[in-house]
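Be aware that the sequence shown starts at 1, since it is given in the working numbering, and climbs by one per residue.
Quick reminder that beta carbons are idealized off the backbone N, C-alpha and C, glycines included.
Quick caveat, the model's predicted, so the values are computed rather than measured.
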Amino acid sequence: MKIPPKIKIGGTEYTVFVHQPSPLQDTFAGRIDYDKGEIHLLNQSATRTQRIFWHEIIHGLLDSLGHSEHDEHLVDGLAGALHALVEDNPDMFEDEPPPAGT
Numbered sequence: 001m002k003i004p005p006k007i008k009i010g011g012t013e014y015t016v017f018v019h020q021p022s023p024l025q026d027t028f029a030g031r032i033d034y035d036k037g038e039i040h041l042l043n044q045s046a047t048r049t050q051r052i053f054w055h056e057i058i059h060g061l062l063d064s065l066g067h068s069e070h071d072e073h074l075v076d077g078l079a080g081a082l083h084a085l086v087e088d089n090p091d092m093f094e095d096e097p098p099p100a101g102t
């Protein structure tokens, strides 16, 4: 799964930043800034970084639906489930050629 430099969630465009680990950096794995339209991810293994990306996407979706309080356990569970869905079914997300004669 590719992590794009920008993603639109609920009509809001977010710029995605992937940061290299640093001993002076906060110990966040990921965070979303609704006001600035930014998602920040700590670069880890590909699978871990992708799952954290999904976690932040879920926060963005909930915020776009007007939910300001987010159950972290639920958000994390949904992130893992969506990440697995995408990884386990890659053909589902591929473009199909248009039907013949169109």
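Only exposed fits Q20, as fewer than 16 other CB atoms lie within 10 angstroms of its CB. Listed in chain order, the alpha helix (DSSP H) elements of length 4 or more contained wholly in the region 32 to 98 are 46 to 64 and 72 to 88.
One thing to note: T47 has its Cβ no nearer than 8 Å to the Cβ of V18. Exclusion of the five residues before and after P5 leaves T15 and V16 as the residues of its chain whose Cβ lies within less than 8 Å of its Cβ. Annotation for I9: the continuous beta strand (DSSP E) segment containing it runs K6 to I9.
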